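Chains as they are written, first to last, in our numbering: chain A, 15 to 695; chain B, 42 to 197.
Positions of the beta carbon are idealized from the N, C-alpha and C atoms, including for glycine.
None of these values were measured; they are calculated from a predicted model.
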Amino acid sequence: MENNEYLEVFIEESKEHIQSLNDQLLILENEPENMDTVGEIFRSAHTLKGMAATMGFQDLADLTHKMENVLDAVRNDQVKITSEIIDVIFQAVDQLEGMVLDIAEGGDGSSDVQELVNTLQAIESNQGFEKINESTAKITDNVTKVVTRDQAHFDQLDQFELAILDQSKENGFENLEVTVKLNDNCLLKAARVYMVFEVLEQIGEVIKADPTVQELEEENFDLQFHVLLVTKDSAEDVKQKILKVSEIEEVIVSTFEQGENVQEENDEKDNVEKQSNEVKESSKNKTADDSKKKAGKGVANKTIRVNIDRLDGLMNLFEELVIDRGRLEQISANLKHAELQETVERMSRISGDLQNIILNMRMVPIEQVFNRFPRMVRQLSKDLGKKINLEIVGAETELDRTVIDEIGDPLVHLIRNALDHGIETPEKRQEAGKNEEGHLLLEAYHSGNHVFIEISDDGAGINREKVVNKAVSNHVITEEEAKQLTDKEVYQLIMSSGFSTADKISDVSGRGVGLDVVKNTIESLGGTITIESEEGKGSLFSIQLPLTLSIISVLLVEVEKEKYAIPLSSIIETAIISRSDILNAHNKEVIDFRGKVVPLIDLKNVFEVPSETEDDELYSVVIIRKGDKMAGLVVDTFIGQQEIVLKSLGDYLGDVFAISGATILGDGQVALIVDTNTLIN
Amino acid sequence: MEEVTSNHQSIIIELDKEEYAIPVEVVGAIERMQHITRVPKTANFVKGVINLRGVVTPIIDLRERFGMEKAEHTESTRIIIIHMENYDVGFIVDAAYDVLYIPEDAIEPAPQVIGTVDADYIGGVAKVDKRLIMLLELEKVLSKESYQAAFLGQEG
């Protein structure tokens, strides 16, 4: 496809416009009188239509066009916004999104839009008819004007242009309408247009062109264009002069008659405009304020689009640098050369700053994920017959792109879960003495090297009894075990596979697959999820995620002569214990760690390290955790904490047991990164 | 097969006193022996990984891959870095020699059995100046099946 190079841009921008449509529609639903929002929606739809038409996606353009018409009617106060209209427009936006996605996946974006187009048409015309009674036939005039525009090119002149035409007539100038048709095989259309204009400027003044001059320069026209010219030359002279430009097929010059009709129509239009201006006057001040705000924000957000591949490339190169930095630090520490040490330290500082900048560049506000939720919650609450007020806090919180890409689905699941199982129906809520409207809070914030995302609702909370019964009947746990579980442990149960407590299975959630998938996804991102709940008051799902995935902090340990890296995020603490502290339970070595029985895992055995030395009296143990479970990894020595770059072991080896990757140490050697999650089961 | 037969510029390596040819265009580098980080729970012929200019590269001992006797590493032991389509690997070989041009008419199909090696990874045999050179088929040498087989074999 010849448009390929633009396709990517088209898809990106379309997505942005669709998102903006969604956002603004939600605002509009709450403030139906807000004409700024309508304007905003209209502009997005309009741009989308233009882009789609240019790219040749006809269905997309058709649908947006109809949407635009409805919005235009709203803007001109011909149609009142109702919830039904918003619904239809939402449907249209959904379909648009589907089409854009189809295009993104290589489809042609075609889709049966007829039904929606008809509905939109109905909205547009129905309401229009009602209005006609009140305000005569102005609207039909408007409509016909649009239709006839192709024949009469200059019927929509503004006051200024009309004034010039009037004046020139008085001063004995001729007002000519010039139609120029270019040769079929004209190659440089814009150049020809330029030459024609050159000629015209010499003999008079061009008042207006159709298409506009800008469009002409961009070759955004077929073969024909029209120019309104004020000149002293005769029509025939003008024609001859233009024909001197080569590759011109035909020139028609006629006197421009500014028909009374047109004049009247314009007057009428002015009136309409004035009226609406008056209506809008009241909100003008507000508009001005808003636009000021927008301008300020616009400047702050000056950005360029960079392909993610380039950022990845930059990141890879920088990772190389981090490795060499480590090496340099080690060399300078060995040499103890003051000047060298100073330089290396300086370099380390700078590369540290550089690291922050590069990591920041890959950071994307979580807004990208959050902004689809208002729509979803709106739809779901309608489907479920519940009233829900969604509050989003900290949408500007930034996360690494790789994390952003993965976190969307789990969040969707958790929100669906909260709406379906958490928040009760309005009747139940009233019975419980709560506000009829349920409250769902979605909050994101940074803390240390982690990002927290919390989903809390003021719904029914988790019923311990119910969960335990279900877990027992589904053979997730035994009855004896159930009695010993803490509340937190019980809540964790709802995230084990094959579990669903909803009495009836609904479309929204509760197929029993889901929360366990959520948990797995989050853990695969190096994160954790915890649940807090109070029956009758609500629940809180808290997700903790690492800021970035490619550079991580680890504890380096030595096992015999091999070095391993253990991610700090999974370490609780390190301890040195003597052999006598080790107890035996079920033939397994365990230790008593702060009142808890923690199993010991000897890395030497797990990794089959060739052993030379006898067991020491003292054991170095790294206490790691996975969710609520803990384990102690027995190693030989702790080396220290270090920032490392995560590298894959390569395709040939594929997945290796208990190893999540490798890294290159300061001395150039490879150390393996321990996957603590697989060690605890 | 294609790689081997369509281009006969090959690097000649030695394994257990026999000579093998690897097409020159897949060879990324020839390195001296260096520290190899052992990776636990992999096939026995995978010796571990090395840092090859920032890329973590798995290293395979070709002797063990071909079921030959293990040998001490000597001064002449080399690691041949191979660029495959999706990954790099390194082969430990007894020695690496010259680049040799093998004329097409010198290549004969591989005999069913060569010595003790069950040799589906031998793409052909070439006679050049009284030297007998076996052409390696890298796809077979590095096949997932062979890796799995070796891995499971040592497990059970």
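Amino acids of chain A, ordered along the chain, whose beta-carbon sits closer than 8 Å to that of residue i
i	result
asparagine 127/B	Asp665
valine 182/B	Within 8 Å Cβ-Cβ: nothing; valine 182/B doesn't reach chain A, min ~11 Å.
C-alpha distance - residue i paired with residue j, whole-angstrom precision
i	j	result
valine 378/A	threonine 416/A	10 Å
isoleucine 586/A	arginine 106/B	42 Å
valine 194/A	glutamine 181/A	25 Å
asparagine 90/A	methionine 81/A	14 Å
serine 520/A	leucine 428/A	Low confidence applies to serine 520/A: its pLDDT is 47, below 50, so where it sits in the model is not reliable, and the reading given next is rough at best. Answer to the nearest angstrom: the Cα atoms are 15 Å apart.
valine 213/A	aspartate 323/A	49 Å
isoleucine 371/A	arginine 341/A	22 Å
lysine 246/A	glycine 218/A	7 Å
isoleucine 406/A	asparagine 199/A	58 Å
glycine 310/A	threonine 317/A	Because glycine 310/A sits at a pLDDT of 40, beneath the cut-off of 50, its placement in the model cannot be relied upon, and the following sentence gives the value as read from the coordinates. Between glycine 310/A and threonine 317/A, the C-alpha separation is close to 14 Å.
isoleucine 120/B	threonine 78/B	14 Å
glutamate 438/A	isoleucine 402/A	10 Å
glutamine 655/A	proline 581/A	10 Å
lysine 111/B	glutamate 55/B	14 Å
glutamate 175/A	threonine 133/A	39 Å
valine 571/A	asparagine 330/A	25 Å
aspartate 139/B	lysine 58/B	15 Å
isoleucine 32/A	glutamate 54/A	12 Å
leucine 461/A	aspartate 616/A	Leucine is not the amino acid found at residue 461/A; the sequence shown has serine there. Answer to the nearest angstrom: the Cα atoms are 33 Å apart.
Proximal residues of chain B, C-beta to C-beta of residue i below 7 Å
i	result
alanine 676/A	Val90, Val97
leucine 686/A	Thr78, Val80
glutamate 622/A	Pro81
lysine 661/A	Val97
isoleucine 337/A	Gly95
CB contact flag (residue i, residue j, <8 Å)
i	j	result
leucine 103/B	phenylalanine 132/B	yes
leucine 230/A	valine 259/A	no
leucine 404/A	leucine 456/A	yes
isoleucine 467/A	serine 553/A	no
glutamine 382/A	isoleucine 418/A	yes
isoleucine 174/B	isoleucine 53/B	yes
isoleucine 95/A	leucine 42/A	yes
proline 81/B	phenylalanine 384/A	no
glutamate 537/A	asparagine 431/A	no
phenylalanine 270/A	asparagine 189/A	yes
threonine 677/A	isoleucine 653/A	no
alanine 409/A	isoleucine 380/A	yes
leucine 93/B	aspartate 146/B	no
valine 612/A	isoleucine 637/A	yes
Neighbouring residues, chain A, relative to residue i (Cβ below 9 Å)
i	result
valine 67/B	Correct list: empty, because the minimum Cβ distance to chain A is about 14 Å.
valine 199/B	Residue 199/B falls outside the range modelled here, since chain B spans only 42 to 197, and no answer is possible.
Exposure label - residue i; buried when at least 16 CB within 10 Å
i	result
phenylalanine 671/A	exposed
glutamine 50/B	exposed
glutamate 479/A	exposed
serine 487/A	exposed
lysine 610/A	exposed
alanine 347/A	exposed
glycine 696/A	With chain A running from 15 to 695 in the structure shown, residue 696/A is simply not present.
glutamine 216/A	exposed
lysine 171/B	exposed
aspartate 472/A	buried
aspartate 606/A	exposed
threonine 83/B	buried
Partners in chain B for residue i, counting only beta-carbon separations shorter than 9 Å
i	result
glycine 12/A	The shown model of chain A, from 15 to 695, leaves out residue 12/A, and the question about it has no answer.
valine 670/A	Val80, Pro81, Lys82, Thr83
glutamate 334/A	Arg94, Gly95
glutamate 574/A	Going along chain B, no residue has its Cβ under 9 Å from glutamate 574/A, so there is no contact; the nearest lies around 10 Å.
Under 8 Å by beta carbon: chain B residues contacting residue i
i	result
isoleucine 580/A	Chain B residues near isoleucine 580/A: none, gap ~15 Å exceeds 8 Å.
glutamine 683/A	His76, Thr78, Asn92
7 Å Cβ cut-off: residues of chain A touching residue i
i	result
valine 130/B	Tyr666
*Let me know the beta strand (DSSP E) ranges lying completely inside the region 369-444 of chain A, each 3 residues or longer, listed in chain order.*
377-379, 402-407, 412-414
_Threshold first: 4 residues or longer. Then list the alpha helix (DSSP H) segments lying entirely within the region 241-271 of chain A, N to C._
249-257
*Within the region 78-145 of chain B, note down every full beta strand (DSSP E) run reaching 3 residues or more, in order along the chain.*
87-93, 96-102, 119-124, 129-134, 136-142
*Only counting runs of 4 or more residues, tell me where the alpha helix (DSSP H) segments fall wholly within the region 605-658 of chain A, in order along the chain.*
617-620
*Which whole runs of the alpha helix (DSSP H) in the region 20-94 of chain A are 4 residues long or more, in chain order?*
49-69, 72-89
*For the region 449-479 of chain A, list the beta strand (DSSP E) runs that are entirely contained and at least 3 residues long, ordered along the chain.*
452-461, 464-471
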